[in-house]
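Visitor:
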Amino acid sequence: MTVIALHHFIDGTWVEGGGEPLVDVNPSSPRDVVAEGPGASRADVDRAFAAARTAFDGWRRTPARTRAAILLRAADIIEAHREAWGRELAREEGKTLVEAIAETDHAANILRFHAQEVERQSGGVFESPSPGERILVIRRPVGVVGAITPFNFPISIPAWKLAPALVWGNTVVWKAATSVPVLAMRFAGALEQAGLPRGVLNLVNGTAAVGEAIVAHADVDAVTFTGSTNVGRSIAAQLATRGIPFQGELGGKNASLVLADADLDVAVEQVAIGAFRAAGQKCTATSRVIVHEAVADEFLRRLAARTERMVVGDAQAEGVEVGPVIDRAARDRVAAAIALARTTATVVVAPEPYGPDELDGGYFIAPSIFELNEDDPGELWTEELFGPVIGIRRVPSTDAGVALVNDSAYGLSVAVFTTGLADALKVIEDISVGVVHVNSASAGADLHVPFGGSRASALGPKEQGAAAREFFTETGTVYLRG
Ligand code: NAD
Numbered sequence: 008m009t010v011i012a013l014h015h016f017i018d019g020t021w022v023e024g025g026g027e028p029l030v031d032v033n034p035s036s037p038r039d040v041v042a043e044g045p046g047a048s049r050a051d052v053d054r055a056f057a058a059a060r061t062a063f064d065g066w067r068r069t070p071a072r073t074r075a076a077i078l079l080r081a082a083d084i085i086e087a088h089r090e091a092w093g094r095e096l097a098r099e100e101g102k103t104l105v106e107a108i109a110e111t112d113h114a115a116n117i118l119r120f121h122a123q124e125v126e127r128q129s130g131g132v133f134e135s136p137s138p139g140e141r142i143l144v145i146r147r148p149v150g151v152v153g154a155i156t157p158f159n160f161p162i163s164i165p166a167w168k169l170a171p172a173l174v175w176g177n178t179v180v181w182k183a184a185t186s187v188p189v190l191a192m193r194f195a196g197a198l199e200q201a202g203l204p205r206g207v208l209n210l211v212n213g214t215a216a217v218g219e220a221i222v223a224h225a226d227v228d229a230v231t232f233t234g235s236t237n238v239g240r241s242i243a244a245q246l247a248t249r250g251i252p253f254q255g256e257l258g259g260k261n262a263s264l265v266l267a268d269a270d271l272d273v274a275v276e277q278v279a280i281g282a283f284r285a286a287g288q289k290c291t292a293t294s295r296v297i298v299h300e301a302v303a304d305e306f307l308r309r310l311a312a313r314t315e316r317m318v319v320g321d322a323q324a325e326g327v328e329v330g331p332v333i334d335r336a337a338r339d340r341v342a343a344a345i346a347l348a349r350t351t352a353t354v355v356v357a358p359e360p361y362g363p364d365e366l367d368g369g370y371f372i373a374p375s376i377f378e379l380n381e382d383d384p385g386e387l388w389t390e391e392l393f394g395p396v397i398g399i400r401r402v403p404s405t406d407a408g409v410a411l412v413n414d415s416a417y418g419l420s421v422a423v424f425t426t427g428l429a430d431a432l433k434v435i436e437d438i439s440v441g442v443v444h445v446n447s448a449s450a451g452a453d454l455h456v457p458f459g460g461s462r463a464s465a466l467g468p469k470e471q472g473a474a475a476r477e478f479f480t481e482t483g484t485v486y487l488r489g
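Just add 7 to wherever you are in the sequence shown, counting from 1, and you've got this note's numbering.
#1: In the DSSP assignment, what residue or residues form a beta bridge with T214?
#2: May I ask you to report which of helix, strand or coil DSSP gives N413?
#3: Would you give the residue range spanned by the beta strand (DSSP E) that V332 belongs to?
#4: Can you tell me which of F283, S36 and E27 puts its alpha carbon nearest to the alpha carbon of D367?
#5: Taking the C-alpha atoms as reference points, what is the distance between G26 and L387?
#6: What do you reckon, is the C-beta of K168 under 7 Å from a heavy atom of the ligand NAD?
#7: Taking only runs that begin and end inside the stretch 374-450, name each unbroken beta strand (DSSP E) of 3 or more residues, in chain order.
#8: Closer than 7 Å: is that where the CB of G541 sits relative to any heavy atom of the ligand NAD?
#9: Kindly indicate the opening and closing residues of the beta strand (DSSP E) around R146.
#10: Going by DSSP, name the residue or residues bridged to A465.
#11: Pairing CB atoms from the stretch 222-230 with CB atoms from the stretch 241-253, are three or more of them under 8 Å?
#12: F393: beta carbon under 7 Å from a heavy atom of the ligand NAD?
#13: Would you identify the three-state DSSP class for T73, choosing helix, strand or coil?
#14: Considering only heavy atoms of the ligand NAD, does any lie closer than 7 Å to the CB of T61?
#15: Quick check: what's the CA-CA separation for P363 versus I297?
#16: Roughly how many whole angstroms lie between the Cα atoms of E477 and K469?
#17: Take L266 as the anchor and find which of F253, V409 and H14 has the nearest alpha-carbon.
#18: Quick one: does the C-beta of R478 sit closer than 7 Å to a heavy atom of the ligand NAD?
#19: When the Cα of R80 is compared with those of A348, L411 and G202, which residue comes out closest?
#20: Put H237 into one of helix, strand or coil per three-state DSSP.
#21: Can you give, in chain order, each stretch of the beta strand (DSSP E) that sits fully within the stretch 272-350 and has at least 3 residues?
#22: Can you tell which of F377, G150, P161 and E140 has its C-alpha closest to the C-alpha of E110?
#23: Using alpha carbons as the reference points, say which of V32, G150 and A170 lies closest to A74.
#24: What's the C-alpha gap between A465 and I108?
#25: So, with DSSP's three-state summary, where would you put F479?
#26: Mapping the DSSP letters down to three states, classify A87 as helix, strand or coil.
#27: By how many angstroms is the C-alpha of R72 removed from the C-alpha of H455?
#28: In this structure, does DSSP put G368 in helix, strand or coil?
#29: Pick out whichever of T214, R205, V174 and R316 has its Cα sitting closest to the Cα of G187.
#30: Evaluate I17 with the Cβ neighbour count: other Cβ atoms within 10 Å of its Cβ, from every protein chain shown; 16 or more gives buried, anything less gives exposed.
#31: Do A463 and L246 have their CB atoms nearer than 8 Å?
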């Protein structure tokens, strides 16, 4: 298949990087090289910031509707390429083709949403205690934003950061995850073709070192980051010493809680989808399942049967439900956790690992379920593994279930399965996570409502919906007399 030349978009031009060589491979079939070329160097990052700073004044003065029109055109371009870019996404990242095309559509819709959002009321007018005065509250862009994105949603996470950043008048220096530069190039290319002025968006691809250069840059006014909790917190700590705002959407260890009156058909299907789609590599994926003991045996029997039926294979192949994890290191990490769980927990479903010659040598992990040891549930209970693995625990009551949901350093998403309104309401009040699903999978976020977690799952203002503007604008309070 074609090997795509890896480029960077700096000051309105596609350029070769001056940094270390990068090779982007297909995790379904690692001999298939998707893209290669030099990553960005520190000098490339400097040029990107210089371009973003120069472009900022003109861009912030551009009427909001003109800025929005560029996002709308980019959305149309993305939609026109949904099949082709969806296929590239599946090839590069390993999400199934159906999910990859859906993610591409989602990115287009995110651009459309923020293009409209900027036309809503953005400030306020207040009475003043002083005669002849009114008080206005206005919003201004924050300046040059550094954006650092993870591998697992290569086009929709960039869209939900960059669309509000740009439409509110900021300029951006963006680094996509090392393993997904092609979708980043497509997304930046759509905005370029849509007429974004030079320097407003700059894309520098590369490893963590490029992210470090963005964070350390003297000219960055704010940093928005999605990725793991450790990296996010270390970036936040560096920025805090310089007084630079940070927004971080971080890791998760999300639970599904199946109560005694749950509709088990719904619970089984939604837990399977929530845990195993995208090979468990969604920040909102279910990795802990807490089930009421009255229904536990039946639920586990049905969940095991559903899991064993899941089709694992090449992300681009028809009918596949579970593609590979992102790379060899991820595969080895998840495989080691499964091997350990075999000795410390009860196996519900855990097929033998694939051999090196099976499935074209891709980074596949068969969906696995373990019932954890109550005395020592271990890392499957506490650590974000980011793979298709569930740890199960039984509880004697709804209260005990809620307590276990809350027994986590993370607080991103939860799914609760019940047919009782009283239990649903109780759980909504008592569970302290950012996103609560009642009778649907823990994974999934709509673009028009706030998204984000609590505790170790987030830092700073929420993303998406109207909440997005909080980070990308600052308010000014104006005392206005004639
Ligand atoms: P990661 O933390 O390894 O990397 C995220 C990005 O940061 C990448 O672009 C990476 O190159 C860059 N980076 C790494 N080290 C850096 C450093 N020291 N300084 C600056 N940049 C650095 O995460 P990942 O493996 O790409 O993604 C998976 C993680 O992201 C999981 O923890 C998942 O839960 C989280 N995630 C969270 C959300 C959310 O909205 N809460 C959404 C998606 C993914």
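Ideal Cβ positions, reconstructed from N, Cα and C, are used throughout, including at glycine.
From a predicted model like this one, the values you see are computed outputs, not experimental measurements.
Guide: Taking the structure as given:
#1: For the purposes of this step, residue 214 is identified with residue 207 of the sequence shown, where counting begins at 1. The partner list for T214 (beta bridge, DSSP) is empty, contrary to what the question assumes.
#2: Walking along the sequence shown from the start, residue 413 turns up at place 406. DSSP places N413 in helix when its eight states are reduced to three.
#3: Numbered from 1 along the sequence shown, position 325 holds the residue referred to as residue 332. Taken as a continuous stretch (DSSP letters only), V332 belongs to no beta strand (DSSP E), as it is neither H nor E.
#4: Translated into the one-based positions of the sequence shown, residue 367 becomes position 360. For the residues F283, S36 and E27, the minimum Cα distance to D367 belongs to S36.
#5: Taking the first residue of the sequence shown as position 1, residue 26 is located at position 19. Taking the first residue of the sequence shown as position 1, residue 387 is located at position 380. Approximately 38 Å, taken between the alpha carbons.
#6: On the sequence shown, residue 168 is found 161 positions in, with the first residue counted as 1. Result no, Cβ not under 7 Å from the ligand NAD.
#7: 375-378, 396-402, 420-424 and 442-445
#8: Because the chain spans 8 through 489 in this model, residue 541 falls outside it and cannot be assessed.
#9: Working through the sequence shown from its first residue, we reach residue 146 at position 139. Counting along the chain, the beta strand (DSSP E) containing R146 begins and ends at E140 to P148.
#10: Counting from one through the sequence shown, the residue named residue 465 turns up at place 458. Beta-bridge pairing links A465 to E256.
#11: yes
#12: The sequence position of residue 393 within the sequence shown is 386, counting from 1. Checking the Cβ of F393 against the ligand NAD gives yes.
#13: Residue 73 sits at position 66 when you count from the first residue of the sequence shown. Three-state result, T73: helix.
#14: Locating residue 61 in the sequence shown gives position 54, where the first residue counts as 1. Not so, every heavy atom of the ligand NAD lies at least 7 Å from the Cβ.
#15: Counted from its first residue, the sequence shown places residue 363 at position 356. Counted from its first residue, the sequence shown places residue 297 at position 290. One C-alpha to the other measures close to 34 Å.
#16: On the sequence shown, residue 477 is found 470 positions in, with the first residue counted as 1. On the sequence shown, residue 469 is found 462 positions in, with the first residue counted as 1. Their backbone Cα atoms lie some 8 Å apart in a straight line.
#17: The residue labelled residue 266 in the question sits at position 259 within the sequence shown. Closest option to L266, Cα to Cα, is V409.
#18: Numbered from 1 along the sequence shown, position 471 holds the residue referred to as residue 478. The question names Arg, but residue 478 is Phe in the sequence shown. F478 Cβ: outside cutoff for every heavy atom of the ligand NAD.
#19: Translated into positions along the sequence shown, residue 80 becomes position 73. That would be G202, whose Cα lies nearest to the Cα of R80.
#20: Here residue 237 refers to the residue found at position 230 of the sequence shown. Residue identity check: residue 237 is Asn in the sequence provided, not His. Reduced to three states, the DSSP call for N237 is helix.
#21: 293-299
#22: Position 103 of the sequence shown, counted from the start, is the residue given in the question as residue 110. Of the candidates F377, G150, P161 and E140, the one whose C-alpha sits nearest the C-alpha of E110 is P161.
#23: The sequence position of residue 74 within the sequence shown is 67, counting from 1. It should be noted that the sequence gives Arg, not Ala, for residue 74. Answer by Cα proximity: A170.
#24: Along the sequence shown, one-based indexing puts residue 465 at 458. Along the sequence shown, one-based indexing puts residue 108 at 101. Distance between the alpha carbons of A465 and I108 is about 28 Å.
#25: Start at 1 with the first residue of the sequence shown, and residue 479 comes out as number 472. In this structure, F479 counts as helix in the three-state DSSP scheme.
#26: Translated into the one-based positions of the sequence shown, residue 87 becomes position 80. A87 falls in the helix class under three-state DSSP.
#27: Position 448 of the sequence shown, counting from 1, holds the residue named residue 455. Position 65 of the sequence shown, counting from 1, holds the residue named residue 72. So the two alpha carbons sit approximately 19 Å from each other.
#28: Here residue 368 is taken as the residue at index 361 of the sequence shown, counted from 1. If DSSP states are grouped into helix, strand and coil, G368 belongs with the helices.
#29: Here the question's residue 187 lines up with position 180 in the sequence shown. Checking the sequence, you will find Val at residue 187 rather than Gly. Residue T214 is the option with its Cα nearest to V187.
#30: To locate residue 17, count along the sequence shown from 1; it is residue 10. Counting Cβ neighbours within 10 Å, I17 comes out buried, since at least 16 surround it.
#31: By one-based count along the sequence shown, residue 463 stands at place 456. By one-based count along the sequence shown, residue 246 stands at place 239. Cβ atoms of A463 and L246: not closer than 8 Å.
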